[in-house]
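Residue numbers (UniProt numbering): 1 to 174.
For every residue, glycine included, the Cβ atom is placed at its ideal position computed from N, Cα and C.
Just so you know, these numbers come straight off a predicted model, no measurement behind them.
One structure is given below, encoded as structure tokens.
See below:
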């Protein structure tokens, strides 16, 4: 176990713990990024959650650090069965879209479409709708694919999911 993984352990599971400190350190010492990335493979669910949070923060500050890892996000990280990883991927894909190849964009779409069709976590659904909704504004096939899923999610018992589905529907179809 590396120093970064140790820094991301412990504390309340819903807290950031030392995530901000880790982000600041990785931004200053970019050679530490591979160690942070490998924290996605930790046995500790909280470490993986905080790793996702750190990735989003690093991407907002200097996305060039994540660009060489796009394929690994698409292939390896997308296979992690943890809601925080999946909702963060939707956010990262949106931030990194301009730096992705057409094939990578299609792979990212497939991941988010699968999440939108099959996931039950409300944040995964909301983040997937947000990113796919933005992308569908310029992609009629994606817009058409989303229509029945948005209709289904507008009837979701969770207010935030139903509200997001209605908002995306309005943005795409009115």
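Rounded to whole angstroms, what is the Cα-Cα separation between residue 147 and residue 169?
7 Å
Report the three-state DSSP secondary structure of residue 10 (helix, strand or coil).
It is coil, neither helix nor strand.
Look at the Cβ atom of residue 83, then the Cβ atom of residue 129, and state whether they are nearer than 8 Å.
no
Could you check which residue in 96, 127 and 115 has the C-alpha nearest to that of residue 68?
If we check each option's Cα against that of residue 68, 96 comes out closest.
Could you give the first and the last residue of the continuous alpha helix (DSSP H) run that contains residue 100?
From DSSP, residue 100 is part of no alpha helix (DSSP H); its letter is neither H nor E.
Of all the options 45, 155 and 90, which has the alpha carbon lying nearest to the alpha carbon of residue 59?
The shortest Cα separation from residue 59 among 45, 155 and 90 belongs to 90.
Residue 25 - DSSP class collapsed to helix/strand/coil
helix
Is the Cβ-Cβ distance between residue 2 and residue 35 less than 8 Å?
yes
Quick check on residue 7: buried or exposed, where buried means 16 or more other Cβ atoms within 10 Å of its Cβ?
buried
Measuring alpha carbon to alpha carbon, tell me which of 72, 117 and 19 ends up nearest residue 56.
19
Residue 120 to residue 161, Cα distance in whole Å?
10 Å
Would you mind stating whether residue 132 and residue 112 have Cβ atoms separated by less than 8 Å?
yes
Could you tell me the distance, in whole angstroms, from the CA atom of residue 21 to the CA atom of residue 140?
C-alpha of residue 21 to C-alpha of residue 140: approximately 42 Å in a straight line.
Quick one: measure Cβ to Cβ for residue 40 and residue 50, integer angstroms, because I've assumed they're closer than 8 Å.
Actually they do not touch by this definition, with Cβ atoms about 10 Å apart.
Under 6 Å Cβ to Cβ from residue 138, same chain only, skipping five residues before and after it: list those, please.
none
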